[in-house]
Amino acid sequence: MPQVKKEDIRLAILEASHALFLDKGYVETTMVQIAKRAGISHANIYSYFTAKLQVFFCVYETWFKARITLLEAEVMAAHGAHARMRTLLDGLLVQMPRLDNGFSHNLVQALATVRPGDPYDASLLRWFREHLSGMLAAVAPSLARDSVRRARLVDMLVLTFDGCLVNHHVNPASLPDAAMLEEYVVAFLPGEPAESDAATSVAPAAQGVPGAVIPSGSAAAA
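134 is the number that UniProt numbering gives to position 134 of the sequence shown; each next residue is one higher, with no gaps.
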């Protein structure tokens, strides 16, 4: 029973911190405020988390992975390489920065405060990169085959995603518009036909690519 109580307290801390990060942002939220909202003492919160950074990533990881998983499903449901790439770019660079009142900007704030010795764990970034690579591999056979180019595109997307989070916070109107997204699509898929032949499936080329998901009921599975 004590273990059940401890888990309840941990969940109360995470729920309280999520609400505060949404309302006040990472920088303006303190461990004292989180403890008070969770109904525990300030000293007790450190029995569960060593620092605010650790609390944040516990909250953000759950939120972020759920949304990337939804984006994967949307990408896989799109028909044709251009449509899949367009869906990926729109979801990542336009929709994600807007979600939950720009909740992802808390990530920028949190990372900006990291100092040597802080409990920062890059496992979420590695997960993100693997899933981006998987989605790119499922976009077109050319990307599934070329792991070097796919890795470069992952680098570009991660950097662009970070920039979009900052830009949306400063100026929400600065996110890529439809014309800019189309420029990205064409640049990322040189020589790829706008409408993929239903007989051309990315499934064989994407097999064995870490993180690649081949959807049933999509153009890839046709």
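Just so it is clear, CB atoms sit at the ideal spot from N, CA and C, and this is done for glycine as well.
What is the DSSP secondary structure of residue i, counted as helix, strand or coil?
i           : result
T62         : helix
Y120        : coil
A203        : Residue confidence is low: A203 scores 39 on pLDDT, short of 50, so the model does not pin down where it sits. Its coordinate-derived value is still stated next. A203: helix per DSSP, three-state reduction.
R10         : helix
residue 223 : Because the chain in this structure spans residues 1 to 222, residue 223 falls outside the shown range and cannot be described.
S104        : coil
V114        : coil
A138        : helix
Ordered along the chain, which non-local residues of its own chain (more than five positions away) have a Cβ less than 8 Å from that of residue i?
i    : result
V75  : R84, T87, L88, G91, M135, A138, V139
S41  : A35
L20  : T29, Q33, I34, R37
D162 : V108
Considering only the alpha carbon of each residue, which of the options lies closest to residue i?
i           : options               : result
E53         : A81, A112, K24        : At residue 53 the sequence reads Leu, which differs from the Glu that was named. Ranking A81, A112, K24 by Cα distance to L53 puts A112 first.
residue 223 : L143, E192, L153, Y60 : Residue 223 lies beyond the stretch modelled for the chain, which goes from 1 to 222, so this question has no answer here.
L157        : Q33, E28, D23, L125   : L125
P141        : D23, A73, A12, G191   : G191
A187        : A12, A43, A81, W63    : A81
L181        : G117, F56, T160, K65  : T160
F64         : D118, R129, A194      : R129
V185        : A43, D23, L143        : L143
S123        : A43, P116, T62, L189  : T62
Say whether chain D places a C-beta atom closer than 8 Å to the C-beta of residue i.
i    : result
A112 : Going by chain labels, chain D is absent from the structure shown, which holds only one protein chain.
Suppose the cutoff is 6 Å on Cβ atoms and the five residues either side in sequence are ignored; what does the same chain contact list for residue i look like?
i    : result
L165 : P97, S104, H105, V108
Y120 : V114
V55  : S17, F49
For residue i, collect the residues of the same chain with a Cβ closer than 7 Å to its Cβ; drop the 5 residues on either side in sequence, then sort them by chain order.
i    : result
C58  : L14
R10  : Y48
V94  : L175, P176
H169 : G102, H105
Go ahead and label residue i buried or exposed: buried means 16 or more other beta carbons lie within 10 angstroms of its beta carbon, across all protein chains shown.
i    : result
R152 : exposed
A199 : Since pLDDT at A199 reaches only 36, below the 50 mark, its modelled position is unreliable, and the value read off the structure follows with that caveat. By the 10 Å Cβ count, A199 comes out exposed.
S147 : exposed
L70  : exposed
Y26  : buried
Y46  : exposed
V32  : exposed
E72  : buried
S17  : buried
A178 : exposed
S133 : buried
A110 : buried
R149 : exposed
Counting only runs that start and end within the stretch 27–102, where is the alpha helix (DSSP H) found for 4 or more residues in a row? 31–38, 42–45, 52–77, 81–90, 96–102
Curious, which full-length alpha helix (DSSP H) runs of at least 4 residues does the stretch 152–200 contain? 178–188
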